[in-house]
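Heads up: the sequence lines are chains A and B, in that order.
Quick note: the first sequence uses this note's numbering, first residue 20, plus one each step.
Quick note: the second sequence uses this note's numbering, first residue 7, plus one each step.
Cβ atoms here follow ideal geometry from the backbone N, Cα and C, with glycine treated the same way.
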Amino acid sequence: MSAQPLLDVRDLKVHFRTRGRTVRAVDGVSFDIAPGEVLGLVGESGCGKSTVGRALTQLERATAGQALFEGQDILSMSRRQFLPLRRHIQMIFQDPYASLNPRLTVAQTLSEPLFIHKIARSRKDAQARIAETLDLVGLGPEAMTRYPHEFSGGQRQRIGIARVMILEPKLVIADEAVSALDVSIQAQVLNLIKKLQRDSGMAMLFISHDLGVVRHISDRVAVMSAGKIVETGDKSAIFEAPQDAYTRRLLDSIPRIMPLKETS
Amino acid sequence: MALLDVENLEISIRFGHELLPVVRGVSFSVDENETLGIVGESGCGKSLTALAIMGLLEGSGVRVTGGRMRFGGRDLLAMSADERRHIMGNDMAMIFQEPMTSLNPVYRVGDQIIEALQQHRNLSRRAARRRAIELLDLVRIPEPDSRVDSFPHQLSGGQRQRVMIAMALSCDPKLLIADEPTTALDVTVQKEVLDLMLDLQKRTGTAIILISHDLGVIAETCNSVAVMYWGRLVETAPTDALFETLAHPYTRGLLHSIPAIDRDVDWLDAIPGRVPTIGEQIAGCPFHPRCPRAESRCRHEVPQPREIAPGHLVECHFPYGGDR
Chain A
20 MSAQPLLDVR DLKVHFRTRG RTVRAVDGVS FDIAPGEVLG LVGESGCGKS
70 TVGRALTQLE RATAGQALFE GQDILSMSRR QFLPLRRHIQ MIFQDPYASL
120 NPRLTVAQTL SEPLFIHKIA RSRKDAQARI AETLDLVGLG PEAMTRYPHE
170 FSGGQRQRIG IARVMILEPK LVIADEAVSA LDVSIQAQVL NLIKKLQRDS
220 GMAMLFISHD LGVVRHISDR VAVMSAGKIV ETGDKSAIFE APQDAYTRRL
270 LDSIPRIMPL KETS
Chain B
7 MALLDVENLE ISIRFGHELL PVVRGVSFSV DENETLGIVG ESGCGKSLTA
57 LAIMGLLEGS GVRVTGGRMR FGGRDLLAMS ADERRHIMGN DMAMIFQEPM
107 TSLNPVYRVG DQIIEALQQH RNLSRRAARR RAIELLDLVR IPEPDSRVDS
157 FPHQLSGGQR QRVMIAMALS CDPKLLIADE PTTALDVTVQ KEVLDLMLDL
207 QKRTGTAIIL ISHDLGVIAE TCNSVAVMYW GRLVETAPTD ALFETLAHPY
257 TRGLLHSIPA IDRDVDWLDA IPGRVPTIGE QIAGCPFHPR CPRAESRCRH
307 EVPQPREIAP GHLVECHFPY GGDR
């Protein structure tokens, strides 16, 4: 890669000790993400893909390895050192209801990070940014005074996305961000994420078990199995000419809908 | 006459003093050796329809308020609770999405199958245990002789769902209803479980109703498909015909919403808006606020099902492939 990657993960390991047994959830994973690039991380449940995302945001402690974000190793940082970077490395979760505070209005939820990261200069500035961001994710300004339970699942995920986008992050880690949504709503949210990613130029680590979704959103794809990445490549290479046996088995398992004749 | 005939089924939920219909005018039939897929998004009424057929709505505040259901020629709605219970388990069986919540965690899986067998079949405990081991072998659980004594938590998710299938098939039902049976499973395991179901059907001829939100799963396993939207059956057709014509705009929108695995598309052709909530009043066709083909007629007149090809019914004034 010619340009310096935004994120360079080298030999990341996350091991858990349970009742004297060591679980190697992530066992030596390396990849990089260029600025503005979307890397899809795909695998089945328990393969360690979510743990990778959680380690990169310090929600989980890495056992070994490095993760260089703009050249600085985020894994060796204290929480205090990591705080200023948190603005630039944001996470979208699967269940927006569990990740939104039910007692805060949407405006309160969105203003919190603005003040923590000292982005808003005044209340008025914060209000303007909130309205602008809500508009960006397809919600009206009337959403501001409402609480999470008043929204549908798709709208809640839009709020979760707004909370991330309002910080203008350089890297977004999306963990099964559309998996809980119905197909028709999932399509709307996927289009939204893709548009926001392109317009803002942010890079993304898109973690999902859904190969179709990963193909749609990613530039490159890494396939994970049992704590290791078995294959990485441009998405066309992974989907058209998979090299690894596990990748092939995964692709073969997906139920296909016969090619349809396009009528209109 | 088909094994199961559902005609104009209406299911309502009680809200205070009001009965709100949540499933309306649903008609379909399934015969032995056939697999009918019912597809739709959350809240469309596909699971309620299945529970109504099984007779499991009792006491839930939701009940059948109209229509007819005939099973083997007998009117299900006219039966006594005892007759109904006899059919449930013997002639009809159901498996659910999450096998861990259907299995009792404190009993060995073998004992749970044995209980079902003794309930419905006049078997000694020893014979029932032998049959349980046979059933576990049939659903391809490795080492069934020892697995019969496992607790549910000692099995993987795929194995648990196989145990549920074994239990459902224990009394050779004529109809098996599978409600999102593979949704909680990984794709590689999903394939094995679906293959198993179809393989068992080939041997026993059991009719299957497969309920899923996943058009891919439906396309690969079903002979015919029923698409539900907001409590209505908007399109019913043989599987090939359905995917070739995609006559109803909702069916088409649903398919176009799925990111393709075999080609790159820049933007998904998403259906705008959202599914209306229960009790919302919509004049005309319930899909018209989201429909790209809606005209003034759609806003005033509820479309009735019409046959656009043999066995292909569509509830739409202006279906694709039709004359407009």
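Proximal residues of chain B, C-beta to C-beta of residue i below 9 Å
i, result
"Arg275/A", "Gly222, Ala225, Glu226, Ile267 and Asp268"
"Arg268/A", "Thr194"
"Ser272/A", "Asp192, Val193, Thr194, Val195, Gln196, Lys197 and Glu198"
8 Å Cβ cut-off: residues of chain A touching residue i
i, result
"Asp192/B", "Glu63, Ser64 and His228"
"His318/B", "Simply none; closest approach about 14 Å."
"His219/B", "Asp201 and Val202"
Whole-number beta carbon distance between residue j and residue i, since they are thought to touch under 8 Å
i, j, result
"Arg268/A", "Thr194/B", "6 Å"
"Phe293/B", "Tyr235/B", "6 Å"
"Thr107/B", "Ile214/B", "Between Ile214/B and Thr107/B the Cβ distance is about 22 Å, and since that is not below 8 Å, they are no contact."
"Gly222/B", "Ile236/A", "Not quite, the Cβ-Cβ distance comes to about 18 Å (not below 8 Å), so this is no contact."
"Val281/B", "Gly49/B", "6 Å"
"Thr227/B", "Leu260/B", "Wrong, their Cβ atoms sit about 17 Å apart, outside the cutoff."
"Lys68/A", "Ile257/A", "Not a contact, Cβ separation roughly 15 Å."
"Asp178/B", "Thr210/B", "6 Å"
Minimum Cβ-Cβ distance from residue i to chain C less than 8 Å
i, result
"Gly159/A", "Note that chain C does not occur in the displayed structure, where the protein chains are A and B."
Close Cβ partners of residue i (< 6 Å) along its chain, the five nearest in sequence each way excluded
i, result
"Asp271/A", "none"
"Glu281/A", "Low confidence applies here, because Glu281/A scores a pLDDT of 47, under 50, leaving its location unreliable; read the following figure in that light. If we look at Glu281/A and ignore the five residues flanking it on each side, it has no Cβ neighbours."
"Tyr116/A", "Arg175"
"Asp11/B", "Ser35 and Arg76"
Pair within 8 Å by beta-carbon distance, residue i and residue j
i, j, result
"Val28/A", "Ala83/A", "no"
"Ala174/B", "Leu182/B", "yes"
"Leu83/B", "Arg74/B", "yes"
"Phe191/A", "Met163/A", "It is Val, not Phe, that sits at residue 191/A in the sequence shown. Result no, Cβ atoms of Val191/A and Met163/A do not sit closer than 8 Å."
"Ser33/B", "Glu47/B", "no"
"Lys254/A", "Met221/A", "no"
"Asp151/B", "Ile139/B", "yes"
"Ile180/A", "Val156/A", "yes"
"Val61/A", "Leu31/A", "no"
"Gln125/B", "Gly78/B", "no"
"Cys304/B", "Gly327/B", "no"
"Leu94/A", "Ile178/A", "no"
"Ala122/B", "Ser176/B", "yes"
"Glu56/A", "Asp194/A", "no"
"Thr1/B", "Val231/B", "No statement about residue 1/B is possible, as the shown extent of chain B runs from 7 to 330 and does not include it."
"Gly231/A", "Val240/A", "no"
"Arg99/A", "Ile267/B", "no"
"Val308/B", "His254/B", "no"
Same chain only: Cβ atoms within 8 Å of residue i, ignoring 5 sequence neighbours per side
i, result
"Thr37/A", "none"
"Phe157/B", "Pro111, Val112, Tyr113, Arg114 and Val115"
"Thr71/B", "Glu16, Ile17, Ser18, Leu25 and Pro27"
"Leu202/B", "Val145, Arg146, Arg168 and Ile171"
"Ser244/A", "Gly62, Glu63, Cys66 and Tyr265"
Where residue i meets chain B, residues with beta-carbon distance less than 8 Å
i, result
"Gln100/A", "Per Cβ cutoff of 8 Å: no residues; Gln100/A is ~38 Å from chain B at best."
"Gly173/A", "Arg280"
"Arg330/A", "Outside the modelled stretch of chain A, which goes from 20 to 283, sits residue 330/A, for which no answer is possible."
"Asn120/A", "Ordered by position in chain B, no residue passes the 8 Å Cβ test against Asn120/A, which lies about 24 Å from the chain."
Residue from the options whose Cα sits closest to the Cα of residue i
i, options, result
"Ala247/B", "Gly46/B, Leu274/B and Ala225/B", "Ala225/B"
"Asn110/B", "Arg166/B, Ala8/B and Leu129/B", "Arg166/B"
"Leu239/B", "Val154/B, Leu57/B and Tyr256/B", "Tyr256/B"
"Phe102/B", "Trp273/B, Leu54/B and Met85/B", "Leu54/B"
"Ala276/B", "His262/B, Asp268/B, Pro282/B and Lys180/B", "His262/B"
"Glu104/B", "Leu141/B, Val169/B, Gly51/B and Ile93/B", "Val169/B"
"Gly279/B", "Glu195/A, Ala256/A, Ser203/A and Arg239/A", "Ser203/A"
"Asp154/A", "Gln127/A, Met184/A, Asp144/A and Lys143/A", "Met184/A"
"Ile135/A", "Arg106/A, Ile212/A, Ala260/A and Glu56/A", "Arg106/A"
"Tyr265/A", "Glu250/A, Ala256/A and Glu259/A", "Glu250/A"
"Leu129/A", "Val208/A, Ser141/A, Phe112/A and Thr152/A", "Thr152/A"
"Thr41/A", "Arg217/A, Val242/A and Gly246/A", "Gly246/A"
"Leu215/A", "Asp144/A, Ser49/A, Ala145/A and Leu186/A", "Leu186/A"
Cβ-heavy atom distance, residue i to the ligand ZN, below 7 Å
i, result
"Ala134/B", "The ligand ZN is absent from the structure shown, which contains no ligands of any kind."
Contacting residues, own chain, Cβ-Cβ under 7 Å from residue i (five flanking each side not counted)
i, result
"His18/A", "Residue 18/A lies beyond the residue range present for chain A, which begins at 20 and ends at 283; the question has no answer from this structure."
"Arg330/B", "Below a pLDDT of 50, predicted positions are generally treated as unreliable, and Arg330/B, at 49, falls in that range; no measurement from the model is reported."
"Ala315/B", "Ala247"
"Val33/A", "Ala44, Val45, Thr70, Ala74, Glu79, Ala81 and Thr82"
"Leu200/A", "Gly172, Gly173, Gln176 and Val208"
"Arg165/A", "Thr124 and Val125"
Residues that residue i contacts on chain B, provided the C-beta gap is smaller than 7 Å
i, result
"Ser203/A", "Glu47, Gly259, Leu260, Ser263, Ala276 and Ile277"
"Gln207/A", "Ala276"
"Gly231/A", "Ile264, Pro265, Ala266 and Ile267"
Partner residues on chain A for residue i, Cβ-Cβ distance less than 7 Å
i, result
"Trp236/B", "In chain order: nothing, as chain A lies at least about 12 Å away."
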